[in-house]
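*Asks:* I have a structure here, written as structure tokens, and I will follow up with some questions on it.
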Amino acid sequence: MGNLRARNKDEITARKENIISAAAELLLTENYGNITLATISEKTNISRPSMYNYYKTKEEIFLDLMVREYLSWQSELESLFKRKVSRETFCKQLAGSLIKQHLLIRLFSVRQFQLEKKLGDDKMKSFYETVKPFFDTFTAMLNKQFPNAEKSKLDMFKIQFTLYCYSVYPVSQLSSWESTDDFFGKVPDFETIYYKGLMLLTSELK
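Residue numbers (the working numbering): 308 to 513.
Okay, structure coming up:
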């Protein structure tokens with residue numbers, strides 16, 4: 308059955324979702340470099356040769372996984388911020404939402420040096436067009452929460468927040484000796500770290 312090619316759009320979508328979900332499962336337990344089309348195939352009912360009907364490289368699979376996670380996060384942000392809240396509540400809810408994005412956080416760690424390098428400009432341009440609704444939602448969310456903030460400061464927050472997102476995975480992977488080192492002192496839980504950071508990043512958004 309795994310060797311049969313999908314016959315219509317719904318079947319193609321189902322097969323691709325099967326592949327993406329298998330890749331997601333692997334990414335939570337394996338190093339990205341150890342994941343191959345073969346290991347992804349083993350977690351699906353699709354043979355490795357048949358995989359090429361849907362994806363030519365593992366990078367294409369993980370790019371689609373990133374799209375799925377971005378759009379899922381978009382839905383959560385729309386649900387969380389239907390109305391204006393205090394800055395403290397905004398930062399607390401955004402920190403809590405960010406820390407739950409396990410797959411997206413992990414994907415941030417491989418995107419620049421693995422996906423962008425191998426997929427090329429055309430595929431990355433298509434990717435950005437597909438996930439643009441997330442960034443539109445994020446901008447609308449900021450405008451609602453901070454209606455009096457200058458655009459330049461909102462834009463700076465978006466840049467800083469993006470850098471912040473990219474730091475989540477490395478910080479969450481601190482080894483026990485690093486997290487207890489004198490340089491860091493007593494490390495609080497990560498949600499507190501991100502909340503405090505967001506409070507600093509939003510300090511100029513009046």
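Cβ coordinates follow ideal geometry from the N, Cα and C atoms, glycine included.
Would you call the segment 348-359 in contact with the segment 405-419, where contact means no fewer than 3 C-beta pairs closer than 8 angstroms?
*Replies:* The answer is no - the segment 405-419 does not touch the segment 348-359, with fewer than three Cβ pairs under 8 angstroms.
*Asks:* Which runs of the alpha helix (DSSP H), 4 residues or longer, sit entirely within the segment 310-344?
*Replies:* Counting whole runs of 4 or more residues, the segment 310-344 contains the alpha helix (DSSP H) stretches 316-334.
*Asks:* Using the rule of at least 16 other Cβ atoms within 10 Å of the residue's Cβ for burial, across every protein chain shown, is Phe-453 buried or exposed?
*Replies:* Buried, by the Cβ-count rule.
*Asks:* Could you check if Arg-413 is buried or exposed, using at least 16 other CB atoms within 10 Å of its CB as the buried criterion?
*Replies:* When all chains shown are included, Arg-413 counts as buried.
*Asks:* Spell out a yes or no on whether the segment 385-396 and the segment 358-370 are touching, meaning 3 or more CB-CB pairs, one atom from each, closer than 8 angstroms.
*Replies:* As far as the Cβ criterion goes, the segment 385-396 does not touch the segment 358-370, which means the pair count is below three.
*Asks:* Unbroken alpha helix (DSSP H) runs of length 4 or more, entirely within the segment 356-385: which are they?
*Replies:* Segments of the alpha helix (DSSP H) lying fully in the segment 356-385: there are none.
*Asks:* Which residues mark the beginning and the end of the alpha helix (DSSP H) in which Arg-418 is found?
*Replies:* No alpha helix (DSSP H) contains Arg-418, which DSSP labels as neither H nor E.
*Asks:* Express the C-alpha separation of Asp-462 and Asp-443 in angstroms, rounding to a whole number.
*Replies:* The straight-line gap from Cα to Cα measures roughly 13 angstroms.
*Asks:* Would you report the Cα separation of Arg-355 and Leu-344, rounded to the nearest angstrom?
*Replies:* Roughly 7 angstroms between the two C-alpha positions.
*Asks:* DSSP state of Gln-408, grouped into three classes?
*Replies:* Coil.
*Asks:* Return the chain-ordered ranges of every beta strand (DSSP E) run that is complete within the segment 424-460 and spans a minimum of 3 residues.
*Replies:* Here no run is fully enclosed.
*Asks:* Whole-angstrom Cβ separation of Leu-512 and Ala-456, contact assumed at under 8 angstroms?
*Replies:* Rounded, the Cβ-Cβ distance is 4 angstroms, consistent with contact.
*Asks:* Our contact map puts Phe-468 next to Leu-378 with C-beta atoms below 8 angstroms; I'd like the distance itself, whole angstroms only.
*Replies:* So it is not a contact: roughly 18 angstroms between Cβ atoms.
*Asks:* Counting along the chain, where does the alpha helix (DSSP H) carrying Lys-503 start and finish?
*Replies:* 497-508 is the extent of the alpha helix (DSSP H) around Lys-503.
*Asks:* Buried or exposed: Phe-420, going by 16 or more other Cβ atoms within 10 Å of its Cβ?
*Replies:* Phe-420 comes out exposed.
*Asks:* Is the Cβ-Cβ distance between Arg-464 and Thr-509 less than 8 angstroms?
*Replies:* Checking the sequence shown, residue 464 turns out to be Phe, not Arg. Yes, these two residues count as a Cβ contact at 8 angstroms.
*Asks:* Buried or exposed for Glu-376, please, with buried defined as at least 16 other CB atoms from any protein chain shown within 10 angstroms of its CB.
*Replies:* Glu-376 comes out buried.
*Asks:* For Asn-315 and Glu-367, I'd like the C-alpha separation in whole angstroms.
*Replies:* Each residue's Cα considered, the two are about 21 angstroms apart.
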